[in-house]
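Sequence order for the protein chains is G and R.
Taking this note's numbering, I'd label the letters of the first sequence as residues 864 to 1322.
Taking this note's numbering, I'd label the letters of the second sequence as residues 864 to 1322.
Think of the CB as a built atom: it goes at the ideal place given N, C-alpha and C, for glycine as much as any other residue.
Structure first, commentary second.
Protein chains: 2
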Amino acid sequence: VIRDAIARDIAAIVGQGGVLQGPAARPYLTDATEAQGLVGRADAVCLPTSVDQVQAVLSWCYAHDVAVIPRGGGTGYAGGAVPLEGGVVVALGRLDGVDTFDPFEWRIRVKAGIVTRRLKHLVRSHGLWFPPDPGAAESSQIGGNIATNAGGPHAFKYGVTGKWVTGIEAIVPPGDRIEIGGPIRKDVAGYDLKSLLTGSEGTLAIITAAWLRLTPAPEAALPIVAFYPDEISGCAAIARVVATGLLPATLEYLDATTLAAAGATFPGGLPEDAAFLVVAEADGSLAAATALRDELQVTLSDDAVEVRAPAERAAIDALWNWREGVSIAVTTMRGGKLSEDIVVPVDQINAALTEIDALGRRYGLATCSWGHAGDGNIHATFMLSRDDRDELERVEQAARELLHFAVSAGGSISGEHGIGWVKRGELARQWPPRAIELHEQIKLLFDPKCLLNPGKKTT
Amino acid sequence: VIRDAIARDIAAIVGQGGVLQGPAARPYLTDATEAQGLVGRADAVCLPTSVDQVQAVLSWCYAHDVAVIPRGGGTGYAGGAVPLEGGVVVALGRLDGVDTFDPFEWRIRVKAGIVTRRLKHLVRSHGLWFPPDPGAAESSQIGGNIATNAGGPHAFKYGVTGKWVTGIEAIVPPGDRIEIGGPIRKDVAGYDLKSLLTGSEGTLAIITAAWLRLTPAPEAALPIVAFYPDEISGCAAIARVVATGLLPATLEYLDATTLAAAGATFPGGLPEDAAFLVVAEADGSLAAATALRDELQVTLSDDAVEVRAPAERAAIDALWNWREGVSIAVTTMRGGKLSEDIVVPVDQINAALTEIDALGRRYGLATCSWGHAGDGNIHATFMLSRDDRDELERVEQAARELLHFAVSAGGSISGEHGIGWVKRGELARQWPPRAIELHEQIKLLFDPKCLLNPGKKTT
């Protein structure tokens, strides 16, 4: 099939306005890995407006041996949404309706393309909460969040996206619509295909809609911000919170270099000598949150340079908006970065930070890290100048060594970003051969022609 | 392979004392479906004492085309642990060690055979909690709980067993040991094989050990017990709690017939005119739990015959011990019962209870129900006299109609018990053909000879 013929046939399904060409298509050829220079190419970029259209596009592609690259908001850090070698990009952003919202039953059914922040605002206006809070909520979409099983700061207390998904509608090759689960909170009838699709990064099916579980919004969510003079005292504070048996909603950290990159805009300014930051949050009823906030404040105070507990709505919002911008602030330091998202057992965080420093020294790289300390999920970052091939190679080598460290520490090569294209072939570090074999066979069951998001999440 | 030869070869792996014969083997041929008359037969019943032995037994069976029936505490209601047509029962109860307990990191690695109650006591003595609380905690084992993704009352706030499992070690045919996940709280590296094994009812692998996530034990857990004159007012109270946005840890109900069966031993006695019971629990810090308890008490009071809020430790324990005994009390009414565990959207509970009543009338059967109202998970029960073939047939027909109702209400045929043998072939009511096909193909990937728990969880 020649390139123009593909676009023409896809346009026959989604309409002329549903196929993007030229500069309009360009944003759909990258994701956050563009900072590493990754840009793909596509035979067509389409934006279906109905599940029927998604089904028809996948069926057409499967019949014509054309690759399909499903795409949400394109905010991923693993290249999972980048079309590597042509094919049809299926961007789900126009499939953004709310099918059913039952606030009195704490549940909602949404199409895959609804933007995370819009969903969160909608349910919040009814006193409910959808806790998963991956970065880039203003762009990321629920379908993409499910396809990557996205996390975020509140995953510490509330779990990752998948824990809030009770049903998934998806199109499976060669073009079958299936729905697993629904507006229910328990289901052990079949093998857990819902969880199998969650985090499968568009390599098994195109997720088109989901039933989500919601929960009553906590009355209060009060942050505690603690600054430390070094990594050792900061990591000790994190360990102390966990050992004390307090249960904050978040338990985040940022290291000295991250603070240097993002600190200029820190609300209220950083204290002098702050080289490590911990952000916890106490939530619940106002009374419960206040009591927990006070306990956390005491627990975090040992060896701290300063501990703050902003209580005003505006100050709290400013803090979390700042936290959300950290990744971009780090990127702008040198123009580019490679951000890993390894997971280690929580008692290995200090060792992981030491390893990141050592890798930076060994490879002559600027490094920094921040992340979800309570979950042991570390955004280890290697900064990149653009157009320095040698540096990029050293970064990639250092990143591979870091993955090796994570696995040998009993952890995982990815807690949030997924394998995508960036970590292709790395799963074998973590899984034994029989599990790798099952992984590959499951891929072939769903997608025997290997046309769904080819080259991604490969073992 | 002849029967004695099987037992002899298995004994060569697990030792003479590890193979049970005659009356000693009898308890391993049934589970809770014995009340429906289900008793299996086995060529050998073995109790391995190490993961190596489990691996060797599975390898031997796979090489000799002998079926393997993995078994935990044998407390299931779906016949999932019953050896239907011979083979080797692998009972994991002697594999009950604690491999690693890291109380300061809220995690534990246990072997599959550890008894639920023992695990819960062990972690509680360190201020931690493992929330899943399926019935029969004194007999059920963690491996079985994972293999069925067991629930329980506290699943309403805290989720089912699978949400607390961060790693699984399992033996996969033809005899490979794999470990997926570990002492970590996030992991999106590979397809979610951990969740695929969770709830797979011993048909894909033998689970031998697991890493579990724990959480700080709440300081207080205060029940509220509300009695209603009928189903309608009781169901309205449940809906009111959810609509109000209160978040109890449990939201249970019991209907009039269940109260009649179990009410004689209700702590403090039942009020006159009590025909429906709701049991909620408020947990958290003492202050938070007390405040929520008071709110729940108000919300549950409309139309209630009486609302009680036992506050003494002994009274609270007595209440939950009574709740735990309900299933047995119902069984003893007639000598037997068939208990379903359908799930419906929470707003369909009232309709489900009406349907159960109608089925009882249509088939001339005594029925009752209780369950996890907040999760829409209903233990619909048809009472059985022993040795009445005609009644058993009517019960089975009524149960099939109930499954049909659950699916047409947007629910599931099983929320806790699984498919086992009792609900074989029923998944196609709930899943479309392509999903059924994937289910069958996944089974063949893991177990190409179909020797693992044959006849169970079949579509």
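Separation of residue j from residue i, as counted between CA atoms
| i | j | result |
| --- | --- | --- |
| residue 1280 of chain R | residue 1286 of chain R | 10 Å |
| residue 916 of chain G | residue 1246 of chain G | 41 Å |
| residue 1276 of chain G | residue 1232 of chain G | 15 Å |
| residue 1186 of chain G | residue 1139 of chain R | 50 Å |
| residue 1258 of chain G | residue 897 of chain G | 15 Å |
| residue 895 of chain R | residue 1002 of chain R | 12 Å |
| residue 1125 of chain R | residue 1150 of chain G | 39 Å |
| residue 1283 of chain R | residue 1263 of chain R | 15 Å |
| residue 1070 of chain R | residue 1032 of chain R | 6 Å |
| residue 1119 of chain G | residue 1193 of chain G | 12 Å |
| residue 1208 of chain G | residue 1273 of chain G | 7 Å |
| residue 1136 of chain G | residue 1091 of chain G | 8 Å |
| residue 964 of chain R | residue 964 of chain G | 42 Å |
| residue 1179 of chain G | residue 1173 of chain G | 6 Å |
| residue 1253 of chain R | residue 1021 of chain G | 49 Å |
| residue 970 of chain G | residue 923 of chain R | 48 Å |
| residue 935 of chain G | residue 1106 of chain R | 32 Å |
| residue 1251 of chain R | residue 978 of chain R | 35 Å |
| residue 1131 of chain G | residue 1157 of chain G | 21 Å |
| residue 920 of chain G | residue 1046 of chain G | 27 Å |
| residue 1291 of chain R | residue 927 of chain G | 31 Å |
| residue 1176 of chain G | residue 1184 of chain G | 12 Å |
8 Å Cβ cut-off: residues of chain R touching residue i
| i | result |
| --- | --- |
| residue 1110 of chain G | 1078, 1079 |
| residue 1304 of chain G | 1308 |
| residue 1046 of chain G | 1208, 1273 |
Within chain G, the residues that residue i reaches when beta carbons sit closer than 9 Å
| i | result |
| --- | --- |
| residue 1001 of chain R | Within chain G, no residue comes near residue 1001 of chain R; the closest Cβ sits about 22 Å away, beyond 9 Å. |
| residue 1055 of chain R | 1012, 1025, 1055, 1058, 1059, 1060, 1061, 1062, 1063 |
Which listed residue (the options) has its alpha carbon closest to that of residue i
| i | options | result |
| --- | --- | --- |
| residue 1102 of chain R | R:1239, R:880, R:1058 | R:1239 |
| residue 918 of chain G | G:1224, G:986, G:1050, G:933 | G:933 |
| residue 999 of chain R | R:1013, R:1172, R:1283 | R:1013 |
| residue 1242 of chain R | R:1011, R:931, R:1189, R:1315 | R:1189 |
| residue 937 of chain R | R:906, R:1008, R:930 | R:1008 |
| residue 925 of chain R | R:1019, R:1322, R:965, R:1315 | R:1315 |
| residue 1266 of chain G | G:1255, G:1244, G:1252, G:1289 | G:1289 |
| residue 1229 of chain G | G:1213, G:1248, G:1045 | G:1248 |
| residue 955 of chain R | R:1321, R:1004, R:962 | R:1004 |
| residue 876 of chain R | R:893, R:913, R:983, R:902 | R:913 |
| residue 1072 of chain R | R:1052, R:1019, R:974 | R:974 |
| residue 883 of chain R | R:1052, R:972, R:951 | R:951 |
| residue 804 of chain G | G:976, G:1237, G:1162 | Beyond the ends of chain G as shown, which are 864 and 1322, falls residue 804 of chain G; an answer cannot be given. |
| residue 1410 of chain R | R:1019, R:1075, R:881, R:892 | Because chain R spans 864 through 1322 in this model, residue 1410 of chain R falls outside it and cannot be assessed. |
| residue 1108 of chain R | G:867, G:1217, G:1078 | G:1078 |
Beta-carbon neighbours of residue i, restricted to chain R and to distances below 7 Å
| i | result |
| --- | --- |
| residue 945 of chain G | Under the 7 Å cutoff, chain R gives no residues; its nearest Cβ is about 18 Å from residue 945 of chain G. |
| residue 1293 of chain G | 1052 |
| residue 1297 of chain G | 1035, 1039, 1041 |
| residue 1325 of chain G | Here chain G comprises residues numbered 864 to 1322, so residue 1325 of chain G is not present and cannot be evaluated. |
8 Å Cβ cut-off: residues of chain G touching residue i
| i | result |
| --- | --- |
| residue 1150 of chain R | 1150, 1151, 1154 |
| residue 1028 of chain R | The contacting residues do not exist; residue 1028 of chain R stays about 11 Å from chain G at best. |
| residue 1105 of chain R | 967, 968, 969 |
| residue 1147 of chain R | 1147, 1151 |
| residue 990 of chain R | 1108 |
Chain-ordered chain G contacts of residue i [CB-CB under 7 Å]
| i | result |
| --- | --- |
| residue 1050 of chain R | 1206, 1275, 1278 |
| residue 949 of chain R | In chain order: nothing, as chain G lies at least about 25 Å away. |
| residue 1281 of chain R | 1051 |
Contacts that residue i makes with chain R (C-beta to C-beta distance below 9 Å)
| i | result |
| --- | --- |
| residue 1018 of chain G | 1048, 1049 |
| residue 1265 of chain G | Within chain R, no residue comes near residue 1265 of chain G; the closest Cβ sits about 14 Å away, beyond 9 Å. |
Three or more C-beta pairs below 8 Å linking the stretch 1024–1042 of chain R and the stretch 1294–1307 of chain G: yes
Interface positions of the stretch 1235–1257 of chain R facing chain B (Cβ-Cβ less than 9 Å), listed along the chain: Note that chain B does not occur in the displayed structure, where the protein chains are G and R.
For the pair the stretch 1193–1205 of chain G and the stretch 1086–1102 of chain G, tell me if three or more CB-CB distances fall below 8 Å. no
Would the stretch 1103–1118 of chain G and the stretch 982–990 of chain G be scored as touching if the rule is three or more Cβ pairs under 8 Å? no
Check whether the stretch 1078–1088 of chain R and the stretch 1136–1156 of chain R touch, using three or more Cβ-Cβ pairs below 8 Å as the test. yes
Pairing CB atoms from the stretch 1061–1077 of chain G with CB atoms from the stretch 1022–1037 of chain R, are three or more of them under 8 Å? no
Please go through the stretch 938–986 of chain G and give each complete beta strand (DSSP E) segment of 3 or more residues, from N-terminal end onward. 951–954, 961–965, 970–974
Quick test of the definition: if touching needs 3 or more C-beta pairs under 8 Å, does the stretch 941–951 of chain G touch the stretch 1055–1063 of chain G? no
Cβ pair count under 8 Å reaching 3, the stretch 1301–1309 of chain R against the stretch 1299–1317 of chain G: yes
Threshold first: 3 residues or longer. Then list the beta strand (DSSP E) segments lying entirely within the stretch 1058–1125 of chain G, N to C. 1069–1076, 1083–1091, 1113–1118
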